[in-house]
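In my numbering, the protein residues as written are 590 to 1292.
Cβ atoms here follow ideal geometry from the backbone N, Cα and C, with glycine treated the same way.
Quick notes on the structure that follows.
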């Protein structure tokens, strides 16, 4: 055996299961970091309440999509282990173990910490038994007037089949007995949270609340007159809500609408009981819903703490919240009277905006509005993945059509849980004469871009906006995202080709600068990693820094392992899922992984490759996950202006140095929260201060 052969035989297997964390369990770790913020008494009280609600709503979506998918694997008889070596049934068992542990922590936090702390500030969430006789009488009157009319008791018995329990509905199970014939009957009452607030005010002069289901439970005699009420309990059902759209669907709009109707009838993936649910009721429900024991969860406290967002939304109590933040206008977009000519500014040089620090309204929305008003603009094209009901971008496209411009909108109908809203927008746009395209059944269009085609001289110039986040004015105030405005000729041509691919029947052989999934993105990222490895192996310097939501893709992880083995320093800032295992000797010694979870949802994606004196830095819509790289249309582009490269590098520095809301991923898969130093670092706080100061300085200089 030669020395080279012996060395190769001792090389670590980069596909070994010991090098990978499980995707679903890594997501649960992320949600546990959200839970830690609810438990953290350094966080303002109502912000902690918000994080408790977010933890719960996150978990709901996880069960509806990810846990449902694992159940499908088990039902299909799949026993092959995943990249981490776990079989699907083992993953389900570990999910259950961790969720029960985390739910216990949440309920202890709400019961022993949040509720008493809120009570000290005049916000009380109490049980019905805690109410005074006067308050109970007030609620009885309110029940008769406001709640009773919208309740529909459904009994089960001869000729009355078990009622359908819709996804995420909160219900009461009631056990009844007819005093005349002693027959026992089960009935279900849906808690009407769609029409009524979850927490009912017990008085008129202070914030004292009791849960709606408790008010109903203490007035059951009104709903079942003449019956003996033996017992009752609270339960909640979570169903499989993933859409399954055939690649062969002739009419994508019709296919999505049909799947949305099916979603309500998905298989049960979780059945939650409030502690104290009578055994007879529990058994009836488990049997009727065909729930397996692994799907049954007993909740000690409040069922669906996501409704605590109602408490977070109370007016006032500024001292219990984060200091308010108002996004500023990016200095280069300020202009006279805060009305810069954006197209002229972009012609001078590229512009980078960072939300929520920079205003979405004064950048993205104004860009589209000015394009609509400009008589030389010939066409406006944009993609919509998620947007809000009051977004001005869609009406702007309609106005563009009225002014004789070509207006094109790619509406992604399969944007999870926004499907119905997008269908509504798509129909409104079509009726107004906008060219609406739905994309391809097999691919989600996740890219975020706007193309403005303007007549200039004897030709046209393409102006583009490329974002890391959705064109959604509300989430632009809560999520951190970047947007690049440019009229770079090659990038403009790339985006024009991309729209032709999305709206027509074409497959570009190559793009000039853009990295586009599913054809070129993974290879483009790996190519940049390998070039950095080559530079280091040649005796130069090299560093890779990446910021994203999730890192799952096996090929990309193996490329990063090879970079670490070559001596490249790899710093990863990953908010959510990370399947890469850092700190493995001989494999990932040079990899560090940190996660920032805090006031704003970290949503931006930055991919930076430093080689000697060269820095290549990209932003875009894609995480490094198989779904993004293989089954979505994603767009990642280089940022080349030196000032903008420095800005992005600065954000990476601050994200990696945060010690206020940052966790480090350890070799064993645990996440250790950093302890703030003498001068605490917070990327969110620092960027708010920096952007406010920069905007104020620009206004002063302009004055």
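Excluding the 5 residues flanking it on each side, residue 736 has same chain C-beta neighbours closer than 7 Å at 785, 804 and 805, in chain order. Taking 8 Å as the cut-off, the Cβ atoms of residue 1221 and residue 1032 count as close. The secondary-structure analysis by DSSP pairs residue 886 across a beta bridge with 861. Note: residue 1024 is bridge-paired with 997 in the DSSP secondary-structure output. Under a 10 Å Cβ-count criterion, residue 1266 is classified as exposed, with fewer than 16 other Cβ atoms of the shown protein chains found around its own Cβ. In terms of CA proximity to residue 1041, 1081 leads the group 1035, 1070 and 1081. Residue 676 and residue 668 do touch by the CB rule: their CB atoms are close to 5 Å apart, below 8 Å. Around the beta carbon of residue 671, 16 or more other beta carbons lie within 10 angstroms, which makes this residue buried. Residue 693 counts as exposed, since fewer than 16 other beta carbons sit within 10 angstroms of its beta carbon. Distance check between residue 1127 and each of 613, 945 and 1119 places 1119 closest, using alpha-carbon atoms only. Beta-bridge annotation (DSSP): residue 1135 is paired with 1161 and 1196.
Two segments are said to touch when three or more pairs of C-beta atoms, one from each, lie closer than 8 Å; by this definition the stretch 740 to 749 does not touch the stretch 717 to 727. For residue 906, the secondary structure class from DSSP, reduced to helix, strand or coil, is coil. The alpha carbon of residue 861 has as its nearest neighbour, out of 758, 948, 808 and 898, the alpha carbon of 758. In the displayed model, residue 1252 falls within a strand according to three-state DSSP. Setting aside the 5 residues that flank it on each side, residue 1068 is surrounded in the same chain by 1058, 1190 and 1192, each with a C-beta closer than 6 Å to its C-beta; the list follows chain order.
A Cβ-Cβ distance of about 6 Å is found for the pair residue 644 and residue 627, placing them in contact under the 8 Å criterion.
In its chain, beyond the 5 residues on either side, 1055, 1057, 1071, 1073, 1193, 1194, 1195, 1196, 1225, 1226, 1228 and 1237 have a beta carbon closer than 8 Å to the beta carbon of residue 1208. Here the alpha carbons of residue 613 and residue 879 stand approximately 24 Å from one another.
Within the stretch 1220 to 1280, complete alpha helix (DSSP H) segments of at least 4 residues are found at 1231 to 1246, given in chain order. When DSSP reads this structure, residue 799 sits in a beta bridge with 715 and 789. Here residue 625 is buried: its Cβ has 16 or more other Cβ atoms, across all protein chains shown, within 10 Å.
Distances from the alpha-carbon of residue 1137 to those of 1160, 1144 and 1154 put 1160 closest. With contacts defined by Cβ atoms closer than 8 Å, residue 780 and residue 791 do not form a contacting pair. Note that the C-beta distance between residue 1214 and residue 1141 is below 8 Å. When C-beta atoms of the stretch 605 to 620 are compared with those of the stretch 1164 to 1182, three or more pairs fall below 8 Å, so the two segments count as touching. In the three-state scheme derived from DSSP, where H, G and I count as helix and E and B as strand, residue 1052 is classed as strand. Counting C-beta pairs closer than 8 Å gives fewer than three between the stretch 883 to 897 and the stretch 907 to 927, which falls short of the contact rule.
Spatial neighbours of residue 706 in its own chain (CB-CB distance under 7 Å, excluding positions within 5 residues in sequence) are listed in chain order as 634.
In this structure, the CA atom of residue 630 is about 19 Å from the CA atom of residue 1247. Put simply, the backbone Cα of residue 873 is about 20 Å away from that of residue 813. For residue 917, no alpha helix (DSSP H) run applies, since DSSP gives it neither H nor E. Following the DSSP letters along the chain, one finds residue 1031 in no alpha helix (DSSP H), marked with neither H nor E. DSSP places residue 954 in the helix class (H, G or I) of the three-state scheme.
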